[in-house]
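J.:
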Amino acid sequence: MAISSRHLFLGCFTIRLIYASIARTAFAPDEFWQGPEVAHQMVFGYGHLTWEWAAGLRSYLHPSIYALFYWALKVLRKDYSLLVAKGPQLVQALFAALADLYVYKLALNLFGPVVARWTIICQKNIMVQCILSS
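Numbers in the numbering used here are just positions in the sequence shown, counted from 1, shifted up by 6.
1. Determine the DSSP secondary structure at GLN47, reduced to helix, strand or coil.
2. Is the Cβ-Cβ distance between LEU79 and GLY93 less than 8 Å?
3. Kindly indicate which three-state DSSP category ARG83 falls into: helix, strand or coil?
4. Less than 6 Å between C-beta atoms, sequence neighbours within five positions excluded: which residues of the same chain meet that for LEU104?
5. If I'm right that HIS68 touches GLY41 with Cβ under 8 Å, what's the distance once you round it to whole angstroms?
6. Can you have a look at HIS46 and say buried or exposed, based on whether 16 or more other CB atoms are within 10 angstroms of its CB?
7. Assign PHE75 to buried or exposed, taking buried as 16 or more other Cβ atoms, counted over all protein chains shown, within 10 Å of its Cβ.
8. Judging by CA-CA distance, which residue of TRP59, VAL44, TRP77, ALA61 is the nearest neighbour of GLY53?
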């Protein structure tokens, strides 16, 4: 029997949120300066942009994902500092959970329910090991 898409997505999203909240891996400033900081500047009108942005060398496609989230916060008047700071993690958790769901569906279509279940179990097991070792 296949797992319902809704339950699988919610489970994966919960695990991804937990991981995003407690992971303490090395922080690369480029992750911030090329995504959330640019999105913040796009929506709120202030923030620092690196020289690549001033020279027009980078695409706004990636930061636009975060900008959409920031824009929603601004429109709903929920642009609290905690939500603005943690928003990119929430957005990435959402995309990662969608990827988890569709990897499961692909395995289900190609190999059947037994392999699909093992696919998600192994995928989440690796993630739990990452959480425990960070």
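The beta carbon of each residue, even a glycine, is placed where N, CA and C say it ideally should be.
If you're wondering where the values come from, they're calculated on a predicted model, not measured in any experiment.
T.: Inspection of the coordinates gives the following:
1. helix
2. yes
3. coil
4. none
5. 6 Å
6. buried
7. buried
8. VAL44
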